[in-house]
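*Asks:* These protein sequence lines map, in sequence, to chains Z and G.
The first sequence maps to residues 1 to 359 in the UniProt record's numbering.
The second sequence maps to residues 1 to 359 in the UniProt record's numbering.
A single structure is presented below for examination.
There are 2 protein chains.
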Amino acid sequence: MARRRGTEPGPATISDVARRVGVATSTVSRALTRPGRVSDALRLRVLAAAAELGYQPNPQARSLTSGRTGCVALLVQDVTNPYFCGLIRGTQTQLRSRGYRHLLVDLENNDEIEEAALAELPSAVDGMVVMGAHVSDDRLREVARRVPVVVINRELDGVPSVVVDTPSALEDALQYLVSLGHRRIAYAAGPKPSWSSRKRWAALQGAAERLGVTCERIGPFSPGKLAGAAAADAALHIGVTACIFFNDLLAIGALKRFAERGVAVPGDISVVGCDDIFGADFCNPPLTTITAPTEQVGRTATDMLLARLHPGDAETAALPERVKLPAPLTIRASVASARPAQAEPAPPRPAAALGETVS
Amino acid sequence: MARRRGTEPGPATISDVARRVGVATSTVSRALTRPGRVSDALRLRVLAAAAELGYQPNPQARSLTSGRTGCVALLVQDVTNPYFCGLIRGTQTQLRSRGYRHLLVDLENNDEIEEAALAELPSAVDGMVVMGAHVSDDRLREVARRVPVVVINRELDGVPSVVVDTPSALEDALQYLVSLGHRRIAYAAGPKPSWSSRKRWAALQGAAERLGVTCERIGPFSPGKLAGAAAADAALHIGVTACIFFNDLLAIGALKRFAERGVAVPGDISVVGCDDIFGADFCNPPLTTITAPTEQVGRTATDMLLARLHPGDAETAALPERVKLPAPLTIRASVASARPAQAEPAPPRPAAALGETVS
DNA sequence: AAATGGATGGCAACCCGTTGCCATCGTTTG
DNA sequence: CAAACGATGGCAACGGGTTGCCATCCATTT
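As structure tokens, then:
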């Protein structure tokens, strides 16, 4: 191990400061972390000495005794998906303001990585905000017993959660489509294990029944632009006049596929997405979608976590166990009235030039 | 401090394992970290006991003696900008594969946050990958003396760097525009302190001179979609037939503004972006842009950092100090031939000169 | 004047691993 | 058969702070 040489190498330690001031290390420690525990005069001398020496407490040493690491982990399914940008920002902002550092873990949509992260992180962080699709509810509860956890877009007993109320907005969206004359509508589902996708589908089913229209499920599709092409083909195949997609990525991928096949959006088919990710407002046509307040989700989840980390703090006191954030339906140009009734589903038109606007 | 109660609460420690096996903690430590230093028989017994107790070494304690934290920080200007998604992914992948954790710091395009991060992080991480616009070269060098640093998209002596060779591609882009008949071209610059924007502008100036066309600079603009509207207006104001934007965000913002003002792209004005961010391929019209290999940038920068953290490792040995990654010009629909003769007196360059430059 | 008590600072144990050095023991070598 | 040596495991000192508990000291209170 590297021993202290005569001259002082590495960064200043607490005992350097103590020596300088002529007090015990314990006193320096208290001067820095327990304001009020030492006299003001002494505290100022300690602060001055610390500043002179450029002293910075060693976070590792501090966390060894305190048991706290000053780190909070955010687990996201796929950083490549712009949906998560807002989430990251919201989390980041709140953590910084409370002096925490932010460990980011990209699960790369991979269940092994997800499980590995869930197994190893609890010993390295003070808390976790988890948005993972593969882990089971039970396993998540188990992890939550080891370290404070807040889950996003999933609800389970015993673990605080923040969810976006996309399902309610989907009911609005369906009603909106029906009001425009659509009767046969499809839902392009997300991945099998996705809690969100199941909830969305359940809401749509219920609403379709109430409204007396058919809503068929197609998929599951993996939530990427590529799968959007498959979803588009499937929607065309069953001959619906409108399709609601599990998320915008899928919808945007479908938009491209429709254009390739010469199917006009919204002329031949109306498209609704979910989440309102970056790009949903400038794709072609701009997407009617459900706007998820992702940054607020990140902020809220982080606040809830911090409240559990510091019980008794006024700032974050009295946050409920479960938060459901409203998500407005954002109307853009990808939805229009259903075309007058047809006997047969629309046959694909001859392929148009890529990117050509069919309107 | 929470003392051990009779029953064992918290996670198992090394001395729990030692007691179980009936050896000293030092022996357990060596059995786990110095294969060969203890007999195989004993090592197996230790491993078995550790597994039974679910023992996980405490990362904090470990880093206290070793001096290494197992964390690497990535500093990005603005996580809200999808440009950084690829960067994050690339960094994340490499770090994970080498057993490091990933601290993400969003600088929120704010110089105070940037400086605070640069001041505090060195004591908390083993190394940093920095993509920050506000910090000065000198300050960065100073930080790099405290902790290994790799910078992205900036070159300075003494600090390893990874840059995207957008400037070269911009020269190609300019030549491409000229070959299509454009003579008056604008460059919408990024933020003043941006190293990248300066380099891009320098490359364009040089190329414009060689090609005998005018390239005017407008801006600086902050790199967001909103500023894109201002940039669009400025480009229209000076009456160019093509505009190259500092980045795609700006270009996409401009696209929207052009549409609002009834200016056809590429009919009335051609648009070129930089970076090929998420959305550049499905905006309207799809953007001709320069594709930055962001994920590769993240991977390369991380590899370079790890090479410095583990000198003598075969895997990452022999990486140069400076890496420049090529960025192809990606042609989409936002560029077209300049409209025939305008009121503006185009310099009478013979078309022949153009033919030669078309590649 | 004695008793009570709050403010202040020091001592030393402790958090959990890591590692330099030494003791022991069995084995190989001359 | 003794000297030398390699393999193996233990002791204890760290690393850099934090905190329970105690000793002082001075100021009230009665």
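Even for Gly, the Cβ is constructed at its ideal location relative to N, Cα and C.
Spatial neighbours of arginine 308 of chain G within its chain, please: C-beta separation below 6 Å, excluding the five flanking residues on both sides.
*Replies:* Excluding positions up to five away in sequence, the list reads Pro148.
*Asks:* Rounded to a whole number of angstroms, what is the C-alpha to C-alpha distance between glutamate 209 of chain G and valine 271 of chain G?
*Replies:* Computed Cα separation, rounded: 20 Å.
*Asks:* With a threshold of 16 other CB atoms inside 10 Å of the CB of histidine 237 of chain Z, please say whether the residue is buried or exposed.
*Replies:* By the 10 Å Cβ count, histidine 237 of chain Z comes out exposed.
*Asks:* For arginine 98 of chain G, which residues in the same chain have their Cβ closer than 7 Å to its Cβ, ignoring the five residues on either side in sequence?
*Replies:* Cβ within range, chain order: Leu306.
*Asks:* Using the Cβ count rule (16 or more neighbours within 10 Å means buried), how would you classify leucine 329 of chain Z?
*Replies:* Under this definition leucine 329 of chain Z is a buried residue.
*Asks:* Taking C-beta to C-beta, are leucine 249 of chain G and glycine 267 of chain G nearer than 8 Å?
*Replies:* Not in contact: leucine 249 of chain G and glycine 267 of chain G (Cβ atoms no closer than 8 Å).
*Asks:* So, with DSSP's three-state summary, where would you put glycine 99 of chain G?
*Replies:* Correct three-state label for glycine 99 of chain G: coil.
*Asks:* Taking only the alpha-carbon atoms, compute the straight-line gap between serine 168 of chain G and valine 323 of chain G and give it to the nearest angstrom.
*Replies:* C-alpha separation (whole angstroms): 14 Å.
*Asks:* What does the Cβ neighbour count give for glycine 273 of chain Z, buried or exposed, with the cut at 16 atoms within 10 Å?
*Replies:* That one is buried.
*Asks:* Give me, in chain order, the residues of the same chain whose beta-carbon lies closer than 7 Å to that of valine 181 of chain Z; leave out the 5 immediate sequence neighbours on both sides.
*Replies:* The question names valine, but residue 181 of chain Z is glycine in the sequence shown. These residues qualify, in order along the chain: Ser337, Ala338.
*Asks:* Where in the stretch 134-185 of chain Z do unbroken runs of the beta strand (DSSP E), each at least 3 residues long, occur, reported from the N-terminal end onward?
*Replies:* DSSP runs (the beta strand (DSSP E)) wholly in the stretch 134-185 of chain Z: 149-152, 161-165.
*Asks:* I'd like to know if leucine 287 of chain Z contacts chain G, where contact means its C-beta is closer than 8 Å to some C-beta of that chain.
*Replies:* Chain G, which has no Cβ nearer than 8 Å to the Cβ of leucine 287 of chain Z, makes this no.
*Asks:* Kindly indicate which residue of G:Pro57, G:Ser63, G:Ala61, G:Val21 has the alpha-carbon position closest to the one of arginine 45 of chain G.
*Replies:* Among G:Pro57, G:Ser63, G:Ala61, G:Val21, the Cα nearest to that of arginine 45 of chain G belongs to G:Val21.
*Asks:* Cβ atoms of isoleucine 269 of chain G and phenylalanine 282 of chain G: under 8 Å apart, would you say?
*Replies:* Going by C-beta atoms, phenylalanine 282 of chain G is not nearer than 8 Å to isoleucine 269 of chain G.
*Asks:* Any beta-carbon of chain G closer than 8 Å to the one on glutamine 60 of chain Z?
*Replies:* Interface residue, yes.
*Asks:* Counting only beta-carbon separations shorter than 8 Å, does cysteine 274 of chain Z have a partner in chain G?
*Replies:* Not closer than 8 Å to any Cβ of chain G, the Cβ of cysteine 274 of chain Z fails to qualify, so no.
*Asks:* Starting from glutamate 260 of chain Z, trace the alpha helix (DSSP H) in both directions and tell me its first and last residue.
*Replies:* Per DSSP, glutamate 260 of chain Z belongs to the alpha helix (DSSP H) from 248-260.
*Asks:* Can you tell me which of the three DSSP states residue 442 of chain G falls into?
*Replies:* For chain G, the structure presents residues 1 to 359; residue 442 of chain G sits outside this window and is missing.
*Asks:* Could you pull the DSSP bridge partners for arginine 322 of chain G from this structure?
*Replies:* Bridge partners of arginine 322 of chain G: G:Ser161.
*Asks:* Hey, does cysteine 243 of chain G have any beta-carbon neighbour from chain Z nearer than 8 Å?
*Replies:* It does not: the Cβ of cysteine 243 of chain G has no partner Cβ on chain Z nearer than 8 Å.
*Asks:* Excluding the five sequence neighbours on either side, which residues of its own chain have a C-beta within less than 6 Å of the C-beta of valine 240 of chain Z, listed in chain order?
*Replies:* The residues are Arg184, Ile185, Ala186.
*Asks:* Beta-carbon separation of serine 132 of chain Z and leucine 107 of chain Z under 8 Å?
*Replies:* According to the sequence displayed, residue 132 of chain Z carries glycine and not serine. Yes; because the gap between Cβ atoms is below 8 Å, this pair is in contact.
*Asks:* Can you tell which of G:Glu155, G:Thr91, G:Arg141, G:Tyr100 has the C-alpha that lies nearest to the C-alpha of valine 129 of chain G?
*Replies:* With distances taken between Cα atoms, valine 129 of chain G lies closest to G:Thr91.
*Asks:* Nearest-angstrom Cα distance between isoleucine 277 of chain Z and isoleucine 252 of chain Z?
*Replies:* Rounded to whole angstroms, isoleucine 277 of chain Z to isoleucine 252 of chain Z spans 10 Å at the Cα level.
*Asks:* Check whether the stretch 155-170 of chain Z touches the stretch 286-299 of chain Z, taking contact to mean three or more Cβ pairs, one atom from each stretch, closer than 8 Å.
*Replies:* Output reads yes: the stretch 286-299 of chain Z touches the stretch 155-170 of chain Z.
*Asks:* Provide the residue span of the alpha helix (DSSP H) that contains arginine 217 of chain G, from first to last.
*Replies:* Premise fails: arginine 217 of chain G lies in the beta strand (DSSP E), 214-218, not in any alpha helix (DSSP H).
*Asks:* Let's see if you can read the secondary structure: which residues bound the beta strand (DSSP E) around alanine 73 of chain G?
*Replies:* Run containing alanine 73 of chain G: 71-76, per the beta strand (DSSP E) assignment.
*Asks:* Report the three-state DSSP secondary structure of aspartate 16 of chain Z (helix, strand or coil).
*Replies:* Helix at aspartate 16 of chain Z.
*Asks:* Against chain G, does proline 11 of chain Z count as a neighbour if the rule is that its beta carbon must be under 8 Å from one of theirs?
*Replies:* Yes, proline 11 of chain Z counts as interfacial toward chain G.
*Asks:* Using only CA atoms, which one of G:Asn81, G:Arg96, G:Gly10 lies nearest to threonine 294 of chain G?
*Replies:* Ranking the options by Cα distance to threonine 294 of chain G, first place goes to G:Asn81.
*Asks:* Please classify histidine 310 of chain G: is it buried, with 16 or more other beta-carbons within 10 angstroms of its beta-carbon, or exposed?
*Replies:* So histidine 310 of chain G counts as exposed.
*Asks:* Quick check on asparagine 284 of chain G - is its C-beta less than 8 Å from some C-beta in chain Z?
*Replies:* Judged by the 8 Å Cβ criterion, asparagine 284 of chain G is in contact with chain Z.
*Asks:* Within the chosen definition, does the stretch 117-125 of chain G reach the stretch 119-129 of chain Z through at least 3 CB pairs nearer than 8 Å?
*Replies:* Contact between the stretch 117-125 of chain G and the stretch 119-129 of chain Z is absent, because fewer than three Cβ pairs lie under 8 Å.
*Asks:* State yes or no: is the C-beta of aspartate 16 of chain Z within less than 8 Å of the C-beta of leucine 47 of chain Z?
*Replies:* Going by C-beta atoms, aspartate 16 of chain Z is not nearer than 8 Å to leucine 47 of chain Z.
*Asks:* To the nearest angstrom, how far is it from the Cα of glycine 298 of chain Z to the Cα of leucine 255 of chain Z?
*Replies:* When rounded, the distance between both Cα atoms is 29 Å.
*Asks:* Out of G:Asp165, G:Leu156, G:Ala235, state which residue places its alpha-carbon closest to the alpha-carbon of alanine 202 of chain G.
*Replies:* Selected option, being the one with the closest Cα: G:Asp165.
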